[in-house]
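J.:
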Amino acid sequence: MITGTSQADCAVLIIDSTTGGFEGGISKDGQTREHALFAFTLDVKQMICCCNKMDVTTPKYSKARYDEIVKEVSSYLKKVGYNPDIIAFVLILGFKGDNMIERSTNLDWYKGYSST
Numbered sequence: 567m568i569t570g571t572s573q574a575d576c577a578v579l580i581i582d583s584t585t586g587g588f589e590g591g592i593s594k595d596g597q598t599r600e601h602a603l604f605a606f607t608l609d610v611k612q613m614i615c616c617c618n619k620m621d622v623t624t625p626k627y628s629k630a631r632y633d634e635i636v637k638e639v640s641s642y643l644k645k646v647g648y649n650p651d652i653i654a655f656v657l658i659l660g661f662k663g664d665n666m667i668e669r670s671t672n673l674d675w676y677k678g679y680s681s682t
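In terms of my numbering, the sequence shown opens at residue 567 and continues consecutively.
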């Protein structure tokens, strides 16, 4: 990870959106926080945040959960030193492939790339 990140122009931060998974990742010693800080420390100025596993939120494909994650991650990224206004947040379902290549019919409320 060190070699790849040190040579990167852009980081892709995959965020576990599940209940408990997100909270663990964004906690004080969580991997989401560590990876974001690591990327910034190694001077990776561009970032794309991918909210994954939205099919196992309660309720499934929850817009409220997505909005909560975007708000919390944006707040942390700002503390690290990123400008959250230029961070891309996208919604994906890696296991099922939703929004990976084509727009998902399960996520009618999701209009595509957004930044805070």
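Yeah, the Cβ is synthetic: ideal placement off N, Cα and C, and Gly gets one too. None of the values given here were measured: they were computed from a predicted structure.
Would Ile-581 pass as a contact of Thr-607 if the rule is Cβ separation under 7 Å?
T.: Here residue 581 refers to the residue found at position 15 of the sequence shown. Here residue 607 refers to the residue found at position 41 of the sequence shown. No, the pair does not count as a contact, with Cβ atoms beyond the cut-off.
J.: Does the structure place the region 570-580 close enough to the region 590-597 that three or more beta carbon pairs sit under 8 Å?
T.: Because the criterion of three Cβ pairs below 8 Å is not met, the region 590-597 and the region 570-580 do not touch.
J.: Just the Cα atoms here: how many angstroms apart are Glu-574 and Thr-584?
T.: Mapped onto the sequence shown, residue 574 falls at position 8. Mapped onto the sequence shown, residue 584 falls at position 18. In the sequence as displayed, the identity of residue 574 is Ala instead of Glu. One C-alpha to the other measures close to 28 Å.
J.: What did DSSP end up calling Ile-689 once you bin it into helix, strand or coil?
T.: In the structure as shown, the chain begins at 567 and stops at 682. Residue 689 is therefore absent and cannot be evaluated.
J.: Mapping DSSP to helix, strand and coil, what is Ile-592?
T.: For this step, residue 592 is matched to residue 26 along the sequence shown. Ile-592: helix per DSSP, three-state reduction.
J.: Whose CA, out of Leu-657, Cys-616, Glu-600, Glu-589, lies closest to the CA of Tyr-627?
T.: As a working note, residue 627 is residue 61 in the sequence shown. Nearest option by C-alpha distance: Leu-657.
J.: By how many angstroms is the C-alpha of Lys-637 removed from the C-alpha of Thr-623?
T.: As a first step, residue 623 must be located in the sequence shown, where it is residue number 57. As a first step, residue 637 must be located in the sequence shown, where it is residue number 71. Going from the Cα of Thr-623 to the Cα of Lys-637 covers about 17 Å.
J.: Rank Asn-665, Asp-674, Lys-677 by C-alpha distance to the C-alpha of Lys-619 and give the top, closest one.
T.: Numbered from its first residue, the sequence shown carries residue 619 at position 53. The option with the nearest alpha carbon to Lys-619 is Asn-665.
J.: Rounded C-beta distance between Met-613 and Tyr-642? I'm assuming under 8 Å.
T.: The sequence position of residue 613 within the sequence shown is 47, counting from 1. The sequence position of residue 642 within the sequence shown is 76, counting from 1. That belief does not hold up - the Cβ atoms of Met-613 and Tyr-642 are roughly 12 Å apart, past 8 Å.
J.: Look up Leu-603 in the DSSP assignment and say whether it is helix, strand or coil.
T.: Reading the sequence shown from its first residue, position 37 is the one you call residue 603. Looking at Leu-603 - three-state DSSP - the assignment turns out to be helix.
J.: What residues in its chain sit with their C-beta under 8 Å from that of Cys-617, if we drop five residues either side in the sequence?
T.: Taking the first residue of the sequence shown as 1, we reach residue 617 at position 51. Cβ within range, chain order: Ile-581, Ser-583, Tyr-632, Ile-635, Val-636, Phe-655, Val-656, Leu-657, Ile-658.
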